[in-house]
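**Student:** My questions will all concern the structure given below.
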C-alpha cells in the first residue's frame, strides 16, 4: 500500500486505457517502488545510489523513470515512453487517439479510435470494423454488446480543427460531457429504432 514516499505520478494514455504510474523514492534509503494501475511491478528497498534510471514495460511500451539530483537533498523525476519525454508522448497520443466512455446494457465500454490507422479498440481489444465513404466524410461501423455503433469522421470546415470524430451507439451520439455521456448511455440501452434513421446533414 502506498506510503508517504510517492514522489511522482503520471497518467499514460494508451489504446487499452489510461495507465497510472506511481513512483516511490526514499531519499534516505534509496528505496524505489514502481506501481502501474496500483499493482507493484518493481521494488528496491535499499540502494546506495539515489540517482539513476528504472526501465519497465506498460503493455508494449518501454518506459523509463529518470531520477536526477537538483541539489543536496532535492531530486527531479521524469518519465520517458518509447524514448520520448512524457509530455511529448502524451501530446502525440492525444492527437493520435480519440476516446469515448459509455455504458451499454449495464456494460461499461471505453472506445478508442486510432486516427492514423483507423483501428477501433474497445476495453483494450481491437475490434472488427467496416468502413464506408459518405458525402461528408467516412463511417466506421462495428458492434458493441450486439448494438450497432459507428464513428463518423467529417471535416469541421475549419483548418485549425481539421477532421472531427463522433461516436454513435444505436444512432445516439456519445459525448464527452458527463451529463451527455449519461444520457447517451441511457439511450444506447434502449431498443434499436424500428425505422431507419435520417441521414445527418
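Residue numbers (my numbering): -14 to 186. In this text, a Cβ means the ideal position worked out from N, Cα and C, and glycines have one as well. In this text, all values refer to a predicted model and were calculated from it rather than measured experimentally.
Quick check on this structure: which residue in 131, 113 and 74 has the alpha carbon closest to the alpha carbon of residue 92?
**Tutor:** For residue 92, the nearest C-alpha among the options comes from 131.
**Student:** Please return the same chain residues whose Cβ sits closer than 8 Å to the Cβ of residue -6, not counting the five positions on each side in sequence.
**Tutor:** 5, 6, 7 and 8
**Student:** Where does residue 118 sit, in a helix, a strand or coil, going by DSSP?
**Tutor:** Three-state DSSP puts residue 118 in a strand.
**Student:** By Cβ distance below 6 Å, which residues in the same chain neighbour residue 30 in space, the five residues on each side in sequence not counted?
**Tutor:** 16
**Student:** Among 142, 151, 141 and -10, which residue has its Cα nearest to the Cα of residue 62?
**Tutor:** -10
**Student:** Between the alpha carbons of residue 164 and residue 78, how many angstroms are there, rounded?
**Tutor:** A caution first: residue 164 carries a pLDDT of 41, below 50, which makes its placement in the model unreliable, though a value can still be read off. Answer to the nearest angstrom: the Cα atoms are 25 Å apart.
**Student:** How would you call residue 40, buried or exposed, if buried means at least 16 neighbouring beta carbons within 10 angstroms?
**Tutor:** exposed
**Student:** By a C-beta neighbour count over all protein chains shown, 10 Å radius and 16 as the cutoff for buried, is residue 55 buried or exposed?
**Tutor:** exposed
**Student:** Quick check on residue 81: does DSSP put it in helix, strand or coil?
**Tutor:** Three-state result, residue 81: helix.
**Student:** Please state whether the Cβ-Cβ distance between residue 22 and residue 48 is less than 8 Å.
**Tutor:** no
**Student:** Which runs of the beta strand (DSSP E) fall wholly inside the stretch 36 to 99 and span at least 3 residues, in chain order?
**Tutor:** 37 to 43, 46 to 54, 60 to 66, 82 to 89 and 92 to 99
**Student:** Quick one: residues in its chain with C-beta nearer than 8 Å to the C-beta of residue 36, no 5 flanking neighbours on either side, listed in chain order?
**Tutor:** 52, 53, 54 and 60
**Student:** Starting from the C-beta of residue 18, find all residues in its chain whose C-beta is less than 6 Å away, skip the five residues before and the five after it, and write them out in chain order.
**Tutor:** 9 and 28
**Student:** What three-state label does DSSP hand residue -5 in the structure shown?
**Tutor:** strand
**Student:** Considering only DSSP beta bridges, list what residue 24 is partnered with.
**Tutor:** Paired residues: 21.
**Student:** Using three-state DSSP, classify residue 31 as helix, strand or coil.
**Tutor:** In the three-state reduction of the DSSP assignment, residue 31 falls in the coil class, being assigned neither a helical nor a strand state.
**Student:** Quick one: using the 10 Å Cβ neighbour count with 16 as the cut-off for buried, is residue 119 buried or exposed?
**Tutor:** exposed
**Student:** Per the DSSP calculation, residue 108 is bridged to which residue(s)?
**Tutor:** Answer is none; residue 108 lacks a bridge partner.
**Student:** Note down the Cα distance separating residue 185 from residue -8, rounded to an integer number of angstroms.
**Tutor:** Low local confidence applies: a pLDDT of 38 at residue 185 is under 50, so the model's placement there is unreliable, and no value is given.
**Student:** Going by Cα to Cα distance, which pick from 95, 101, 113 and 38 is closest to residue 127?
**Tutor:** Ranked by how close their Cα comes to the Cα of residue 127, the residues 95, 101, 113 and 38 have 113 in first place.
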